[in-house]
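Worksheet: one structure, shown below.
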Amino acid sequence: HQAQAQRAHQAHQAQAHPVQAHQAQAQRAHQAHAQRVHQAQAHQVQVQLAQAQQAHQAPQAPPLLWHH
Numbered sequence: 001h002q003a004q005a006q007r008a009h010q011a012h013q014a015q016a017h018p019v020q021a022h023q024a025q026a027q028r029a030h031q032a033h034a035q036r037v038h039q040a041q042a043h044q045v046q047v048q049l050a051q052a053q054q055a056h057q058a059p060q061a062p063p064l065l066w067h068h
């Protein structure tokens, strides 16, 4: 009997609160969007780091100068 009552309660909640379901969907969509944005930002940072490393390596002085 309890299981039936629970199912009835859940069905009632689903009908009474479509807004919550919509919020959950919106939240998931937002999370997915945030992940994509975060990945894009992380990629940009990696590119910037790679460029910085290349710039740093390019005008490297010969090792002999460092020993004097």
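Quick note: the sequence shown uses this note's numbering, first residue 1, plus one each step.
Cβ coordinates follow ideal geometry from the N, Cα and C atoms, glycine included.
The alpha-carbon separation between A24 and A32 amounts to approximately 12 Å. Under the three-state reduction of DSSP output, H1 falls in the coil class, being neither helix nor strand.
Within the model, the alpha-carbon separation for A5 versus H22 is close to 25 Å.
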